[in-house]
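Below: one structure, written as structure tokens.
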Amino acid sequence: MVSFNEKLKAFAVELYKVDAVKFGEFKTKVGLMTPVYCDLRVLVSHPKLMETLATLLIEYLEKIKNFNLLCGVPYTALPIATVVSIKTAIPMVMRRSERNTTAPKNAIVLLNREQGGAKILENNGIKMHALLSLTELMQFLREADCIDHEMVSRVKNYLAGTQVDVKSFQKVLSEDRLKMSFLARAKLAKNPVAAELFQIMATKQTNLCVAADVTNSVDLLNLAELVEIAERHNFILFEDRKFADIGKTVELQYSKGIYKISSWAKLVTAHSLTGKGVLDAIKGSEDSDKRGVFLLAETSAAGSLITADYTKATLTLAEEYPELIAGIVCQSPLFLANPGLIQLTPGVQLESKSDSLGQQYNTPESIVLDRGADVAVVGRGITKAMEKEAAAKKYKDMLWASYSKRIEQ
Ligand SMILES: O=C(O)c1cc(=O)[nH]c(=O)n1[C@@H]1O[C@H](COP(=O)(O)O)[C@@H](O)[C@H]1O
Numbered sequence: 047m048v049s050f051n052e053k054l055k056a057f058a059v060e061l062y063k064v065d066a067v068k069f070g071e072f073k074t075k076v077g078l079m080t081p082v083y084c085d086l087r088v089l090v091s092h093p094k095l096m097e098t099l100a101t102l103l104i105e106y107l108e109k110i111k112n113f114n115l116l117c118g119v120p121y122t123a124l125p126i127a128t129v130v131s132i133k134t135a136i137p138m139v140m141r142r143s144e145r146n147t148t149a150p151k152n153a154i155v156l157l158n159r160e161q162g163g164a165k166i167l168e169n170n171g172i173k174m175h176a177l178l179s180l181t182e183l184m185q186f187l188r189e190a191d192c193i194d195h196e197m198v199s200r201v202k203n204y205l206a207g208t209q210v211d212v213k214s215f216q217k218v219l220s221e222d223r224l225k226m227s228f229l230a231r232a233k234l235a236k237n238p239v240a241a242e243l244f245q246i247m248a249t250k251q252t253n254l255c256v257a258a259d260v261t262n263s264v265d266l267l268n269l270a271e272l273v274e275i276a277e278r279h280n281f282i283l284f285e286d287r288k289f290a291d292i293g294k295t296v297e298l299q300y301s302k303g304i305y306k307i308s309s310w311a312k313l314v315t316a317h318s319l320t321g322k323g324v325l326d327a328i329k330g331s332e333d334s335d336k337r338g339v340f341l342l343a344e345t346s347a348a349g350s351l352i353t354a355d356y357t358k359a360t361l362t363l364a365e366e367y368p369e370l371i372a373g374i375v376c377q378s379p380l381f382l383a384n385p386g387l388i389q390l391t392p393g394v395q396l397e398s399k400s401d402s403l404g405q406q407y408n409t410p411e412s413i414v415l416d417r418g419a420d421v422a423v424v425g426r427g428i429t430k431a432m433e434k435e436a437a438a439k440k441y442k443d444m445l446w447a448s449y450s451k452r453i454e455q
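Plus 46 on top of the position in the sequence shown (first one is 1) and you've got our numbering.
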């Protein structure tokens, strides 16, 4: 008799053959890179495989007593659950995102990616059952010669470096920044400029940051005038200087020289590359208690050399300067749990998906709803538009509508 394990192995190879499991460089919906991508949506085009999966699930389900309903999480798992329901006569229910549904006790997944999801579910009273773990899948595919040793160790290293911090995830679930209003978060901000920015966003109903990347003051305005206008119209001047030198040089760049950035910019960006020195330099400057820093943990640039470990270390560094750090510049909703910090996310444009120098764009909806941006940075989408004012209004409205939808969901 063919064992369950052998059936699983044969199924894993079939998945590989129809490209339901792929290897390479993929970007997940939340912006993380992964060398292995599982896309079970293709199963609807392979009825035989769909039936095999349903049969495997039914055999597996015998181990789980105590349940009387099935629910396939939309959309990919819906047809799978339907086939199982028809074959077993176990009734099915629909999950609709706009309705509150009772939480299940058991979750059955085909593939456990082994990145911490099972533990998070367990902490929320849901037991996860997986037909296959990613490690088993890799082993099966290696044995069948579908992949080589190098790929097995690449995935192994990837898994080691991308474990979700279950503790910080717990905090997110209980105090989910993505679901909280800017007004509520203003009270939790330890940096005064972040608190002010939350207030301004709530009052003016905007989460748009315009990147005015112009090359002379005729295009913009002179700084003194700009400071005065910012005060009159209640917006914050933010110098996207991305400090990255040793502390002493940053100290000079920040407060001295011809720009005297600290005298007019309430917010600046900094890289974490050179470590604490940069933040100590800014913290030690005059008026630093009225200034804030956005620390860059990820960029929107294609081929960026920033790794998952660098991003994590940046977050840890940010926690060491709670009064100075206003937020984090990143592209994924997964990194920032603290609702008192602001996620600033650039790379927003409606017209194109990229520029010729590696910039990658998302839509306003996707940047707020999928990628977790609190503030979205739009540059050329506005500054190069024929009708700049109309473009600014359009981005402002779309971004705010997405934020409103996010906190209501
Ligand atoms: O820190 C930033 O603002 C930044 C980080 C990043 O990862 N990507 C990024 O594009 N930016 C900035 O965001 C702005 C984007 O401009 P556009 O590509 O014209 O929308 C530029 O000022 C960039 O310097």
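A virtual CB, placed ideally from N, CA and C, is assigned to each residue, including glycine.
Query: The segment 56-63 / the segment 104-115 touching (three or more Cβ pairs under 8 Å); Result: no
Query: Which of helix, strand or coil DSSP assigns to PRO456; Result: Coverage of the chain is limited to positions 47 through 455, which leaves residue 456 absent and any answer about it impossible.
Query: Residue environment, GLN209, which counts as buried when at least 16 other CB atoms sit within 10 Å; Result: exposed
Query: Limits of the alpha helix (DSSP H) - the one that PRO392 falls within; Result: First-last for PRO392: 388-392, but that is the beta strand (DSSP E), not the alpha helix (DSSP H).
Query: Alpha carbon of VAL296 to alpha carbon of PRO238, nearest angstrom; Result: 22 Å
Query: Per-residue DSSP class, three states only, for GLN455; Result: coil
Query: DSSP three-state assignment for LYS151, whether helix, strand or coil; Result: coil
Query: Best match in THR122, CYS117, ARG142 for proximity to SER131 [C-alpha to C-alpha]; Result: CYS117
Query: Alpha helix (DSSP H) segment containing ILE246, residue limits; Result: 238-250
Query: Sequence-distant residues of the same chain with beta carbon closer than 7 Å to HIS92, five excluded per side; Result: VAL64
Query: Where PHE289 falls, given that 16 or more other Cβ within 10 Å makes a residue buried; Result: buried
Query: Test: ALA276 CB closer than 7 Å to a CB of chain C; Result: Looking for chain C here will not work: only one protein chain is present.
Query: Sub-7 Å separation of GLY323 and GLY293 beta-carbons; Result: yes
Query: Distance between ALA257 and VAL300 (C-alpha atoms, nearest Å); Result: Just to set this straight, residue 300 is Tyr in the shown sequence, not Val. For TYR300 and ALA257, the distance between alpha carbons rounds to 19 Å.
Query: CA-to-CA distance, LEU156 to ILE126, given in whole angstroms; Result: 11 Å
Query: Rounded separation between LYS314 and LEU229 - CA only; Result: Note that residue 314 is Val in the sequence shown here, rather than Lys. Approximately 22 Å, taken between the alpha carbons.
Query: Neighbour-count burial assignment, SER199, 16 or more Cβ in a 10 Å radius; Result: exposed
Query: C-beta contact flag for THR360 and LEU341 at 7 Å; Result: yes
Query: Where MET247 falls, given that 16 or more other Cβ within 10 Å makes a residue buried; Result: buried
Query: Backbone CA spacing between GLU196 and GLN377 [nearest angstrom]; Result: 29 Å
Query: Buried/exposed call for LEU95, threshold 16 Cβ in 10 Å; Result: buried
Query: Spatial neighbours of ALA276 in its chain, beta-carbon cut-off 6 Å, leaving aside the 5 residues before and after; Result: LEU283
Query: Simplified DSSP assignment, three categories, for GLU144; Result: Residue confidence is low: GLU144 scores 48 on pLDDT, short of 50, so the model does not pin down where it sits. No coordinate-derived value is stated.
Query: C-alpha distance - PHE69 paired with ASP191, whole-angstrom precision; Result: 14 Å
Query: Under 7 Å between C-beta atoms of ALA100 and VAL129; Result: yes
Query: beta-carbon GLN405 near ligand 1 non-hydrogen atom, thresh 6 Å; Result: yes
Query: First and last residue of the uninterrupted beta strand (DSSP E) at LYS73; Result: 67-73
Query: Host alpha helix (DSSP H) of SER301 (start-end); Result: 293-301
Query: Distance, LYS451 Cα to GLU144 Cα; Result: Low confidence applies to GLU144: its pLDDT is 48, below 50, so where it sits in the model is not reliable enough to give any reading.
Query: For HIS279, the three-state DSSP class (helix, strand or coil); Result: coil
Query: Beta carbon of ALA372 nearer than 7 Å to that of THR391; Result: no
Query: Boundaries of the beta strand (DSSP E) in which GLY207 is found, first to last residue; Result: Segment 195-207 is the alpha helix (DSSP H) holding GLY207; no beta strand (DSSP E) there.
Query: Bounding residues of the beta strand (DSSP E) (the contiguous stretch that carries VAL424); Result: 421-424
Query: beta-carbon GLY323 near ligand 1 non-hydrogen atom, thresh 6 Å; Result: no
Query: Closer than 6 Å: VAL375 CB and nearest ligand 1 heavy atom; Result: yes
Query: As assigned by DSSP and simplified to three states, the class of LYS94; Result: helix
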